[in-house]
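**Student:** Residue numbers (our numbering): 26 to 367. For glycine and all other residues, C-beta sits at the position ideal for the given N, C-alpha and C.
Here it is in structure tokens:
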């Protein structure tokens, strides 16, 4: 057990490697009760989100649709990355990270008051969250919770549905299919044990990190933070600069533009890539933001912030314990949907 954003979390329940492969090949689940759902209600909810986040909530037109975005400060740095679910014009559910939850809610409430908008924020700490991920995840959830099947079977990826007191999204942080289930906290232990009984393998933080890294998914606090622009964290696709919509941080993003490349690394020699290791390129020196051994590729991989001009296919050198080891620059998605993509 380790501290994670103020929560006691398991690194693994046995073998981290087995947990990783269970999610890629079959089905695993994660206790993500540390994540914080926040309900936004009111006539001005959409107007508020339009000014608050870098992605454009105008894309949310169908009930249940989810949108991934960054919430920025005035300098264009990432306060947090989050998911917004659109349920109706007066109800959006926002899911924020554990370590930033209090900061996020305070920031949102300050902006609400500043803009004098008719909406209310309610953190839902009465809800637990369990993420069930893998090619067989949905089938196992329906086996354990058959009453949820009618509402969730039609869901396309990145959509959610309300099932009584349950809120289930076809979302995740592993690069695999599955559900993220929000449910009353009092029911979490029973549902967890029921999922175990139908063959879902409990997985800890270790497997969660190698899975998200293989899938090229950023971790807040490592790959971006309040001092890093989403444009420098490989998240330009989440920033909607078209049109006249103004949002917090827009002016800074336009003024600074992209300063770095955010790409993947595949180590070509023996060793392990880790965060903060220097990366020597022809164009200058970059830095690894996240690195680990990939159980799927059986090689060491990393995400790295590199000088402008570095391109996929380039060969670079990573400084590991005073030695420079060769690595190849690759597209920052290493594995998804059960198989390697490199």
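Can you tell me which of 131, 127, 322 puts its alpha carbon nearest to the alpha carbon of residue 361?
**Tutor:** The residue with the shortest Cα to Cα distance from residue 361 is 322.
**Student:** Can residue 343 and residue 352 be called in contact, C-beta distance under 9 Å?
**Tutor:** For residue 343 and residue 352, yes; Cβs fall inside 9 Å.
**Student:** Please list, in chain order, all residues of the same chain as residue 284 whose beta carbon is under 6 Å from its beta carbon, the five residues on each side excluded.
**Tutor:** The answer, listed in chain order, is 257.
**Student:** Pull up the CB-CB distance for residue 4 and residue 155, whole angstroms please, since I reckon it's below 8 Å.
**Tutor:** The question about residue 4 has no answer here: the residues shown for the chain are numbered 26 through 367.
**Student:** Does the beta carbon of residue 75 fall short of 8 Å from some heavy atom of the ligand HEM?
**Tutor:** Among the components modelled here there is no ligand, and therefore nothing to report on the ligand HEM.
**Student:** Let me confirm a value: residue 301 is counted as buried when at least 16 other C-beta atoms fall within 10 Å, else exposed. Which label applies?
**Tutor:** Label assigned to residue 301: exposed.
**Student:** I'd like to know whether the C-beta atoms of residue 229 and residue 159 end up nearer to each other than 9 Å.
**Tutor:** Taking 9 Å as the Cβ cut-off, residue 229 and residue 159 do not qualify as a contacting pair.
**Student:** Report, in whole angstroms, the separation of the C-beta atoms of residue 288 and residue 357, which I expect to be a contact under 8 Å.
**Tutor:** Residue 288 to residue 357, Cβ: 6 Å. Contact.
**Student:** Which full runs of the beta strand (DSSP E) of 3+ residues lie inside the segment 175-251, going along the chain?
**Tutor:** List check, beta strand (DSSP E) in window: 185-188, 191-194, 203-209, 226-228.
**Student:** Check this for me: beta carbons of residue 277 and residue 31, under 9 Å apart or not?
**Tutor:** In this structure, residue 31 does not lie closer than 9 Å to residue 277 by Cβ.
**Student:** Which residue wins for smallest C-alpha separation from residue 186, given the options 173, 198, 312?
**Tutor:** Considering only alpha carbons, the answer is 173.
**Student:** DSSP has residue 158 in a bridge; who is on the other side?
**Tutor:** For residue 158, which the question treats as bridged, DSSP gives the partners 53, 203.
**Student:** Rounded to the nearest angstrom, how far is the Cβ of residue 263 from that of residue 94, given a contact under 8 Å?
**Tutor:** That belief holds up - the Cβ atoms of residue 263 and residue 94 are roughly 5 Å apart, short of 8 Å.
**Student:** Give me the residue from 54, 26, 34, 38 with the minimum Cα distance to residue 224.
**Tutor:** The shortest C-alpha separation from residue 224 is found at 54.
**Student:** Leaving out the 5 sequence neighbours to the left and right, which residues in its chain are closer than 8 Å to residue 366 when beta-carbon positions are compared?
**Tutor:** Excluding positions up to five away in sequence, the list reads 356, 358, 359, 360.
**Student:** Could you check the C-alpha separation between residue 260 and residue 244 for me, to the nearest Å?
**Tutor:** Near 12 Å, if we compare the C-alpha coordinates of residue 244 and residue 260.
**Student:** Per the DSSP calculation, residue 105 is bridged to which residue(s)?
**Tutor:** According to DSSP, which records beta bridges pairwise, residue 105 is partnered with 96.
**Student:** Taking the Cβ atom as the reference point for each residue, do residue 91 and residue 108 lie within a distance shorter than 9 Å?
**Tutor:** In contact: residue 91 and residue 108 (Cβ atoms closer than 9 Å).
**Student:** Exposed or buried, what is residue 87 when buried is set at 16 or more other beta-carbons lying within 10 Å of its beta-carbon?
**Tutor:** Exposed, by the Cβ-count rule.
**Student:** Provide the residue span of the alpha helix (DSSP H) that contains residue 75, from first to last.
**Tutor:** Per DSSP, residue 75 belongs to the alpha helix (DSSP H) from 70-77.
**Student:** What does DSSP give as the partner residues of residue 349 in its beta bridges?
**Tutor:** Bridge partners of residue 349: 344.
**Student:** Assign residue 59 to one of three DSSP states: helix, strand, or coil.
**Tutor:** Three-state DSSP puts residue 59 in coil, outside helix and strand.
**Student:** Tell me which residues share the same chain as residue 371 and place their Cβ nearer than 6 Å to its Cβ, disregarding the 5 neighbours each side in the sequence.
**Tutor:** No statement about residue 371 is possible, as the shown extent of the chain runs from 26 to 367 and does not include it.
**Student:** What are the start and end residues of the alpha helix (DSSP H) that includes residue 279?
**Tutor:** Looking at the DSSP string, the run of the alpha helix (DSSP H) that includes residue 279 is 275-281.
**Student:** Nearest-angstrom Cα distance between residue 36 and residue 270?
**Tutor:** Using only the alpha carbons, I get a separation of about 42 Å.
**Student:** Report the three-state DSSP secondary structure of residue 149 (helix, strand or coil).
**Tutor:** Residue 149 falls in the coil class under three-state DSSP.
**Student:** When the Cα of residue 78 is compared with those of 96, 113, 211, which residue comes out closest?
**Tutor:** Nearest C-alpha to residue 78: 96.
**Student:** Got a sec? Which residues, its chain only, sit under 6 Å from residue 76 by beta carbon, not counting five neighbours each side?
**Tutor:** Closer than 6 Å at Cβ, skipping near neighbours: 272.
**Student:** Apart from the five residues just before and just after residue 142, which ones in its own chain have a Cβ nearer than 7 Å to its Cβ?
**Tutor:** Answer for residue 142: 69, 72, 73, listed in chain order.
**Student:** Classify residue 41: buried if its beta carbon has 16 or more other beta carbons within 10 angstroms, exposed otherwise.
**Tutor:** When all chains shown are included, residue 41 counts as buried.
**Student:** Considering only DSSP beta bridges, list what residue 32 is partnered with.
**Tutor:** Looking at the DSSP assignment, residue 32 forms a beta bridge with 29.
**Student:** I need the straight-line Cα distance from residue 207 to residue 114, nearest angstrom please.
**Tutor:** Cα to Cα, the separation comes out at about 21 Å.
**Student:** What do you get for residue 210, buried or exposed, if any count of 16 or more other CB atoms within 10 angstroms of its CB means buried?
**Tutor:** Exposed, because fewer than 16 other Cβ atoms sit within 10 Å of the Cβ of residue 210.
**Student:** For the beta strand (DSSP E) that residue 330 lies in, which residues bound it at each end?
**Tutor:** Looking at the DSSP string, the run of the beta strand (DSSP E) that includes residue 330 is 324-332.
**Student:** Out of 338, 153, 140, which one is the CA nearest neighbour of residue 292?
**Tutor:** Among 338, 153, 140, the Cα nearest to that of residue 292 is on 338.
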